[in-house]
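Sequential numbering from 140 applies to the sequence shown in our numbering. Report on one structure; see the data block that follows.
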Amino acid sequence: MDKQPRLSQRAEEDIGFPASRSDAWIDQELAACEFKDARLRRRFRQLIEQLGAGIGESIPLACQDWANTKAAYRFFSNERVSEAEILAGHFEATRSRLPADNAPILILHDTTEFTYHRKDVHAIGVLHNAAGRKDIEGRTHLHTICGISMHSSLVVTTAGLPLGLAAIKFWTRDEFKGCNALKKKINPTRVPIEAKESIRWLENLRQSTALLGKPQRCIHLGDRESDIYELFCAAQEVGTHFLVRTCVDRLVEDGTRTIAVNMEQEPVRGLHRIQFRDKEGNLCRAILEIRYSRMVILPPVGKRNRYPELTLTVIHATERGTPPGRERINWKLLTDLPVGSRQDAIEKISWYTQRWKIETFHKILKSGCRAEESKLRAAERLVNLIAVFCILGWRVFWMTMINRTTPGASPALAFTELELHLLDTLVKDPAGAVPRKRPLSLYLIKLASLGGYLARANDSPPGTMVMWRGLSRLTDIELGAIIGAHIVGN
140 MDKQPRLSQR
150 AEEDIGFPAS
160 RSDAWIDQEL
170 AACEFKDARL
180 RRRFRQLIEQ
190 LGAGIGESIP
200 LACQDWANTK
210 AAYRFFSNER
220 VSEAEILAGH
230 FEATRSRLPA
240 DNAPILILHD
250 TTEFTYHRKD
260 VHAIGVLHNA
270 AGRKDIEGRT
280 HLHTICGISM
290 HSSLVVTTAG
300 LPLGLAAIKF
310 WTRDEFKGCN
320 ALKKKINPTR
330 VPIEAKESIR
340 WLENLRQSTA
350 LLGKPQRCIH
360 LGDRESDIYE
370 LFCAAQEVGT
380 HFLVRTCVDR
390 LVEDGTRTIA
400 VNMEQEPVRG
410 LHRIQFRDKE
420 GNLCRAILEI
430 RYSRMVILPP
440 VGKRNRYPEL
450 TLTVIHATER
460 GTPPGRERIN
470 WKLLTDLPVG
480 SRQDAIEKIS
490 WYTQRWKIET
500 FHKILKSGCR
510 AEESKLRAAE
520 RLVNLIAVFC
530 ILGWRVFWMT
540 MINRTTPGAS
550 PALAFTELEL
560 HLLDTLVKDP
570 AGAVPRKRPL
580 SLYLIKLASL
590 GGYLARANDS
600 PPGTMVMWRG
610 LSRLTDIELG
620 AIIGAHIVGN
């Protein structure tokens with residue numbers, strides 16, 4: 140197996156730094172990986188290095204030559220390799236990064252789809268049917284979109300720092316029948332959860348809770364798709380907590396009223412001023428009216444023999460007035476956590492705002508790693524590739540967010556001595572920076588500058604796009620420095 144050039148002893152003296160260990164973080168992510176063959180583990184590590192050095196590039200470009208490219212293809216198509224084995228080490232590393240205190244940990248759940256253009260859609264699987272062109276008689280023809288669905292569970296702190304993934308489930312369909320067509324034949328609320336794709340929410344909740352080992356600290360967050368009564372019961376069974384955005388107006392108390400009717404009678408418990416950016420990136424301000432109430436929620440009528448009543452807290456945050464040019468904010472949250480004051484409700488609302496982090500993570504996989512541009516032909520190979528991208532995508536996301544959550548940390552947390560030296564050489568310090576006090580945030584901004592970040596006074600903190608471009612450039616520059624020192628040393 141080819142190895143990247145390392146510094147000789149003479150070259151180390153010439154460049155003034157020890158041999159590069161910029162890939163040391165990979166050791167932590169792979170420490171708990173167990174493949175059926177030691178050669179597979181070595182190849183996996185090399186793939187992480189190669190794809191990480193060229194995030195968003197094709198496999199041939201990242202691997203550089205035919206021998207490594209062919210080895211990569213063989214790895215992804217190997218029957219002895221699965222996404223579970225690829226991600227096992229990362230899951231364990233996620234658990235090791237949990238803060239030592241008893242602060243709450245947020246687990247963000249969401250589903251995304253990776254679409255591909257293939258003539259043979261069944262080799263990958265079916266996502267949905269899309270409307271195509273109309274014929275001369277005006278009839279719309281449907282064509283099948285192939286792809287893979289992924290349900291992921293991302294662990295973050297309440298400050299928004301992503302600690303890693305705790306569970307992932309991939310699946311494909313042999314045939315897509317359409318939800319509307321199914322509703323004409325069956326009542327979805329009477330179908331057992333085990334027979335639905337929604338079971339993924341329960342499986343990931345149980346898997347992530349068991350992995351972290353501290354159910355009382357875990358708060359599972361989900362959008363309106365997670366408003367599933369079986370999910371609430373599953374959380375109660377394993378002793379963990381949930382906070383979801385609800386879309387079902389469930390029956391409460393004695394069954395004669397619903398959540399909406401109860402909440403209309405609740406007074407406004409306080410106001411909360413927020414600042415956010417709309418879909419166009421414009422800065423907006425809003426005042427939210429907060430209502431909350433603790434009530435007994437009844438299970439669906441067709442499932443009352445299987446599931447118990449639950450006492451839950453309902454939180455409504457509604458924007459005062461009608462804003463021009465955008466939709467009115469109207470959040471309806473449901474949680475098993477107690478809320479006894481306005482401040483408690485604001486805390487739960489602020490936790491729910493962190494749910495958008497998993498959308499950003501999925502964006503990194505699609506826009507940064509370009510997972511949907513892969514030419515691999517089979518679903519099993521694509522799943523293995525996406526699993527590798529999940530590790531690399533988390534690393535980029537972590538470096539982006541640690542700049543915002545822990546700006547004063549030591550630069551050694553994310554960079555080697557050589558990388559720090561290269562960043563100091565390539566990017567000047569901002570005016571007023573103290574030479575001896577250079578925090579991690581300073582070097583992360585320098586890294587983002589390599590990716591096109593302008594670092595102007597009023598600019599927002601660097602995002603994932605400039606961060607992954609900067610990482611790719613720094614890797615190339617570092618390799619050039621190592622090769623140069625190696626040549627001079629010889």
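From the three backbone atoms N, C-alpha and C, an ideal C-beta is built for every residue, glycine too. Computed from a predicted structure; not experimentally measured.
Give the C-beta separation of residue i and residue j to the nearest angstrom, bearing in mind that I take them to be a contact with Cβ-Cβ under 8 Å.
i	j	result
H248	I530	Actually they are not in contact, since the Cβ atoms of H248 and I530 sit about 19 Å apart, beyond 8 Å.
R219	K175	5 Å
P301	F536	5 Å
R356	P243	6 Å
L344	R234	With 8 Å as the limit, L344 and R234 do not qualify as a contact, their Cβ atoms being about 16 Å apart.
M402	R363	With a Cβ gap of about 16 Å, M402 and R363 do not count as contacting.
I426	R412	5 Å
T603	T499	7 Å
V377	T348	5 Å
F215	R520	4 Å
Taking Cβ positions, are residue i and residue j nearer each other than 8 Å?
i	j	result
S291	E252	no
I541	L579	yes
A518	I263	yes
K471	L382	no
C423	G195	no
E224	C172	yes
A298	T539	no
I284	A306	no
T474	L451	yes
L341	L304	no
F309	V522	yes
V265	D313	yes
S611	A192	yes
K496	L293	yes
L179	N207	no
L360	W533	no
R577	P550	yes
Y255	Y368	no
Could you tell me the boundaries of the alpha helix (DSSP H) in which residue i lies?
i	result
P301	From DSSP, P301 is part of no alpha helix (DSSP H) but of the beta strand (DSSP E) over 301-310.
E224	222-235
D483	481-492
V102	Residue 102 lies beyond the stretch modelled for the chain, which goes from 140 to 629, so this question has no answer here.
Y431	Y431 -> not in any alpha helix (DSSP H); beta strand (DSSP E) instead, spanning 422-436.
L410	Element bounds for L410: not the alpha helix (DSSP H) but the beta strand (DSSP E), 409-416.
V566	Note, V566: premise wrong, no alpha helix (DSSP H); not H, not E.
E498	495-502
L531	518-544
Ordered along the chain, which non-local residues of its own chain (more than five positions away) have a Cβ less than 7 Å from that of residue i?
i	result
E168	G228, H229, A232, I530
L190	A201, V527, L531
P144	Here P144 scores only 41 on pLDDT, less than 50, and its place in the model is too uncertain to base an answer on.
S365	H248, W340, V383
Q148	Note that Q148 scores a pLDDT of 42, beneath 50, so its modelled location is shaky and nothing firm can be said.
K142	In this prediction, K142 scores a pLDDT of 42, lower than 50, which makes its location untrustworthy; the coordinate-derived value is nonetheless stated afterwards. Around K142: no qualifying Cβ.
V295	L245, L247, P301, L302, Q493, K496
Check for me: the beta strand (DSSP E) holding residue i runs from which residue to which?
i	result
G361	357-361
N469	469-474
Y212	No beta strand (DSSP E) contains Y212, which is instead part of the alpha helix (DSSP H) from 205-216.
I244	244-255
H261	Segment: none, H261 is in no beta strand (DSSP E) and carries neither H nor E.
A456	449-458
L382	380-384
Who are the Cβ neighbours of residue i in its own chain at under 6 Å, not counting the five residues just before and after it?
i	result
I154	Any answer about I154 is weak, because its pLDDT of 44 lies below 50 and its placement is not dependable; what the coordinates show is given next. Result list for I154: A624, in chain order.
G609	L586, A587, L589, G590
I358	P243, L245, H380, L382
E188	D162
V605	A587, G590, G591, Y592
T564	none
L618	none
Ordered along the chain, which non-local residues of its own chain (more than five positions away) have a Cβ less than 8 Å from that of residue i?
i	result
L613	E558, L561, L562, L586, L589
E448	V435, I436, L437, P438
P406	R430
R257	I263, C285, R516
W607	I194, G195, I503, G507, V535, G590
I165	R184, I187, E188, G191
query: Taking one C-beta from the segment 457-471 and one from the segment 440-448 each time, how about it: are there three or more such pairs within less than 8 Å?
result: No: the two stretches stay apart, fewer than three of their Cβ pairs being nearer than 8 Å.
- prompt: Are the segment 543-559 and the segment 576-591 in contact at 8 Å, needing three or more beta carbon pairs?
  reply: Taking 8 Å as the limit for Cβ pairs, the verdict is that the segment 576-591 does touch the segment 543-559.
task: Could you tell me whether the segment 447-456 touches the segment 505-514, where touching means 3 or more Cβ pairs closer than 8 Å?
output: Counting C-beta pairs with one atom in each stretch, the segment 447-456 and the segment 505-514 have fewer than three that are closer than 8 Å, which means they do not touch.
At least 3 beta-carbon pairs within less than 8 Å: the segment 389-403 vs the segment 428-439: With contact defined as three or more Cβ pairs closer than 8 Å, the segment 389-403 and the segment 428-439 are in contact.
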